[in-house]
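J.:
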Amino acid sequence: MEIAFCRIDDRLIHGQVATVWTKVTGCNRIMCCSDEVAKDEMRKKLLLQVAPPGIKAYVVPVEKACEAYKNPKYDAFKTLFLFTKPADVVRAVKGGIPFKSVNLGGMTYKDGDTLISSAVAVNPDDVKALLELQDMGIEVEIRKLANEPKGNLMEALKAKGMA
Numbered sequence: 001m002e003i004a005f006c007r008i009d010d011r012l013i014h015g016q017v018a019t020v021w022t023k024v025t026g027c028n029r030i031m032c033c034s035d036e037v038a039k040d041e042m043r044k045k046l047l048l049q050v051a052p053p054g055i056k057a058y059v060v061p062v063e064k065a066c067e068a069y070k071n072p073k074y075d076a077f078k079t080l081f082l083f084t085k086p087a088d089v090v091r092a093v094k095g096g097i098p099f100k101s102v103n104l105g106g107m108t109y110k111d112g113d114t115l116i117s118s119a120v121a122v123n124p125d126d127v128k129a130l131l132e133l134q135d136m137g138i139e140v141e142i143r144k145l146a147n148e149p150k151g152n153l154m155e156a157l158k159a160k161g162m163a
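In the UniProt record's numbering, the protein residues as written are 1 to 163.
As structure tokens, then:
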């Protein structure tokens, strides 16, 4: 399986992903990787319905995504991996998916979170996972839209006193 792109966006498949990111990455598959979402039949069904024409989508637990990545049966897949949170990307890397870069695209603000960009709000667990990804040598760039320049995670965290 070829990695087309890895993005953290808690909405998973939505307009920008379906119309822009799929084209920019040239993917032929979308894999939404989340234990919670894979158990939520309604959300799973909705996500599968909004996949763009010609691109097969899956909603799977993180462990199953790791198994699929290693399975030669899926070698023809050029996959756009979508995650809801940084900790799941860490789990996927530790499970054998060798991401070189992760796009931090959208994480909705919740009470207690800190906004580090116009579209990304993080909590201490998110920061810990993002720093762990960087410590693994994985680029973590902040970018909501494909045509925006890549934002620097460390600069964004330092600006908020989080790194």
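Virtual Cβ for every residue (Gly too), placed ideally from N, Cα, C. These numbers were taken from a predicted model, which means no experiment stands behind them.
1) Looking at residue 156 and residue 20, is the spacing between their C-beta atoms short of 7 Å?
2) Is the beta carbon of residue 127 less than 7 Å from the beta carbon of residue 92?
3) Answer with buried or exposed for residue 72, where buried requires no fewer than 16 other C-beta atoms within 10 angstroms of its C-beta.
4) Once the 5 residues before and after residue 134 are set aside, which same chain residues still bring their CB inside 6 Å of it?
5) Any chance you could list the alpha helix (DSSP H) runs of at least 4 consecutive residues sitting entirely within the stretch 7 to 32, in chain order?
6) Roughly how many angstroms lie between the CA atoms of residue 75 and residue 96, to the nearest whole one?
7) Roughly how many angstroms lie between the CA atoms of residue 130 and residue 37, to the nearest whole one?
8) Just to check my reading of the structure: residue 12 and residue 82 have Cβ atoms closer than 8 Å, yes? What is that Cβ distance to the nearest angstrom?
9) Could you have a look at residue 50 and say whether DSSP puts it in helix, strand or coil?
10) Three-state secondary structure (DSSP) at residue 76?
11) Would you kindly report the start and end of the unbroken alpha helix (DSSP H) that includes residue 130?
12) From residue 35 to residue 65, what distance separates their C-alpha atoms?
13) Fully enclosed by the stretch 57 to 112, which alpha helix (DSSP H) runs are 4 residues long or longer?
14) Short check: CB of residue 120 to CB of residue 138, under 7 Å?
15) Kindly indicate which residue of 123, 150, 115 and 144 has the alpha-carbon position closest to the one of residue 159.
T.: The short version:
1) Taking the first residue of the sequence shown as position 1, residue 20 is located at position 20. Taking the first residue of the sequence shown as position 1, residue 156 is located at position 156. No, they are not a contact pair.
2) Within the sequence shown, numbered from 1, the residue matching residue 127 stands at position 127. Within the sequence shown, numbered from 1, the residue matching residue 92 stands at position 92. No; because the gap between Cβ atoms is not below 7 Å, this pair is not in contact.
3) Residue mapping note: residue 72 aligns to position 72 of the sequence shown, counting from 1. Exposed, since its Cβ has fewer than 16 Cβ neighbours within 10 Å.
4) As a working note, residue 134 is residue 134 in the sequence shown. The residues are 140.
5) Within the stretch 7 to 32, the alpha helix (DSSP H) runs of at least 4 residues that lie entirely inside it are, in chain order, 22 to 25.
6) Position 75 of the sequence shown, counting from 1, holds the residue named residue 75. Position 96 of the sequence shown, counting from 1, holds the residue named residue 96. The straight-line gap from Cα to Cα measures roughly 15 Å.
7) By one-based count along the sequence shown, residue 130 stands at place 130. By one-based count along the sequence shown, residue 37 stands at place 37. Whole-angstrom Cα-Cα distance: 21 Å.
8) Here residue 12 corresponds to residue number 12 of the sequence shown, with the count starting at 1. Here residue 82 corresponds to residue number 82 of the sequence shown, with the count starting at 1. With 8 Å as the limit, residue 12 and residue 82 qualify as a contact, their Cβ atoms being about 5 Å apart.
9) Stepping through the sequence shown from its first residue, residue 50 is reached at position 50. Look at residue 50 here: in three-state DSSP terms it is coil, with no helix or strand label.
10) In the sequence shown, counting from the first residue as 1, residue 76 sits at position 76. The DSSP-derived three-state label of residue 76 is coil.
11) Against the sequence shown, residue 130 aligns to sequence position 130. Secondary structure note for residue 130: its alpha helix (DSSP H) is the uninterrupted segment 124 to 135.
12) By one-based count along the sequence shown, residue 35 stands at place 35. By one-based count along the sequence shown, residue 65 stands at place 65. Using only the alpha carbons, I get a separation of about 10 Å.
13) 62 to 70 and 86 to 94
14) Here residue 120 is taken as the residue at index 120 of the sequence shown, counted from 1. Here residue 138 is taken as the residue at index 138 of the sequence shown, counted from 1. Not closer than 7 Å, so no.
15) Here residue 159 corresponds to residue number 159 of the sequence shown, with the count starting at 1. Of 123, 150, 115 and 144, the residue nearest in Cα terms is 115.
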